[in-house]
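Chains as they are written, first to last, in our numbering: chain Z, 1 to 115; chain D, 1 to 110. Positions of the beta carbon are idealized from the N, C-alpha and C atoms, including for glycine.
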């Protein structure tokens, strides 16, 4: 049982480059999330999705894009990398509202450095 | 909007000491409350949760009680171990969104 899988685990980007952080879950969860974790700042919500074809902005969406074409996948796209996007990125998923108050499951994170 | 305020760290304790990490929240209605733990190099894992007022969540010797009157969800453990060293996050969930506190780094020394 893989749970939430994020790739890559580490990446170094140059300013202005673009990349996609991949996130896949095999639990048939409706809800998926992207967070960034900066030192001493906790987790900030970037984007979230309540189901395939539906996405919405979180607290800090600028500089990112997402898509949700399938239930399993929720990739995060950085178009023009900036040093301010250096962070650890976490993907999470959980079942929908109709399945009760259940926990979120997190991937192991992607450490991104923009130089 | 919703917010979580968490005791700032880092916190350093000796093994077998008593632990309290304070957490208060701001939200309308009755959110669900959680404590997550993050071990070095890993993602967050659920430690315990409470879904309504006066509920007590517990796991691995940790406890937290949902106090609606003080909007608090403080984490406690009677006797900490070196293996409890980690970062602890308080969080709330209202509808589809999860909101986290800033995290408290806990270090237990033998």
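Chain-ordered chain D contacts of residue i [CB-CB under 8 Å]
i	result
residue 103 of chain Z	34, 46, 49
residue 41 of chain Z	102
Local conformation of residue i per DSSP, three classes
i	result
residue 38 of chain Z	strand
residue 115 of chain Z	coil
residue 73 of chain Z	strand
residue 88 of chain Z	strand
residue 80 of chain D	coil
Contacts that residue i makes with chain C (C-beta to C-beta distance below 8 Å)
i	result
residue 53 of chain Z	The chain labelled as chain C is not found among the protein chains of the depicted structure, namely Z and D.
Residue j beta carbon less than 8 Å from that of residue i
i	j	result
residue 91 of chain Z	residue 27 of chain Z	no
residue 23 of chain D	residue 45 of chain D	no
residue 78 of chain D	residue 61 of chain D	yes
residue 20 of chain Z	residue 75 of chain Z	yes
residue 50 of chain Z	residue 25 of chain Z	no
residue 10 of chain Z	residue 43 of chain D	no
residue 36 of chain D	residue 3 of chain D	no
Beta-carbon separation (whole angstroms), residue i vs residue j, contact threshold 8 Å
i	j	result
residue 34 of chain Z	residue 15 of chain Z	Contact flag wrong, Cβ pair sits at about 21 Å.
residue 92 of chain D	residue 31 of chain D	4 Å
Contacting residues, own chain, Cβ-Cβ under 8 Å from residue i (five flanking each side not counted)
i	result
residue 56 of chain D	50, 63, 64, 65, 66
residue 103 of chain D	6, 9, 38, 87, 88, 89
Neighbour list for residue i in chain Z, Cβ cutoff strictly below 7 Å
i	result
residue 42 of chain D	108
Spatial neighbours of residue i in its chain, beta-carbon cut-off 7 Å, leaving aside the 5 residues before and after
i	result
residue 81 of chain D	15, 108
Cross-chain neighbours of residue i in chain Z, by beta carbon under 8 Å
i	result
residue 97 of chain D	45, 48, 58
Contacting residues, own chain, Cβ-Cβ under 6 Å from residue i (five flanking each side not counted)
i	result
residue 76 of chain D	20, 63
residue 88 of chain Z	37, 109, 111
residue 65 of chain Z	77
Residue i: contacting residues in chain D (beta-carbon distance under 7 Å)
i	result
residue 64 of chain Z	Here the premise fails: no neighbours, minimum Cβ distance about 17 Å.
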